[in-house]
């Protein structure tokens with residue numbers, strides 16, 4: 002992610018004494034970690050390979066879960 006794409010301005014990181022900015026920064030970090038964990042889990046469990054194998058069509062979450070169990 003380039004600095005121009007960041008939701009939180011770099012000034013927040015450079016001036017940590019801005020207490021009002023801390024909750025927003027923590028929220029950005031929390032959201033980013035969740036996305037990374039979800040993608041990693043999908044790779045580790047074989048979800049992305051299964052979805053690709055099923056083709057370019059809508060896929061049912063229950064069917065995917067059963068196939069991965």
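Residue numbers (my numbering): 2 to 70. By construction, the Cβ of each residue, glycine as well, lies at the ideal position given by its N, Cα and C atoms. Predicted model only: the values in this text are computed from it and were never measured.
Asked                                                                                                                                          : Found
Between the C-alpha atoms of residue 11 and residue 64, what's the straight-line distance to the nearest angstrom?                             : 43 Å
Which runs of the alpha helix (DSSP H), 4 residues or longer, sit entirely within the segment 3-69?                                            : 11-15, 23-46, 48-55, 62-69
Nearest to residue 70 by alpha carbon, out of 46, 53, 60?                                                                                      : 46
Whose C-beta lies closer than 6 Å to the C-beta of residue 43 among residues of the same chain, with five residues either side of it excluded? : 49
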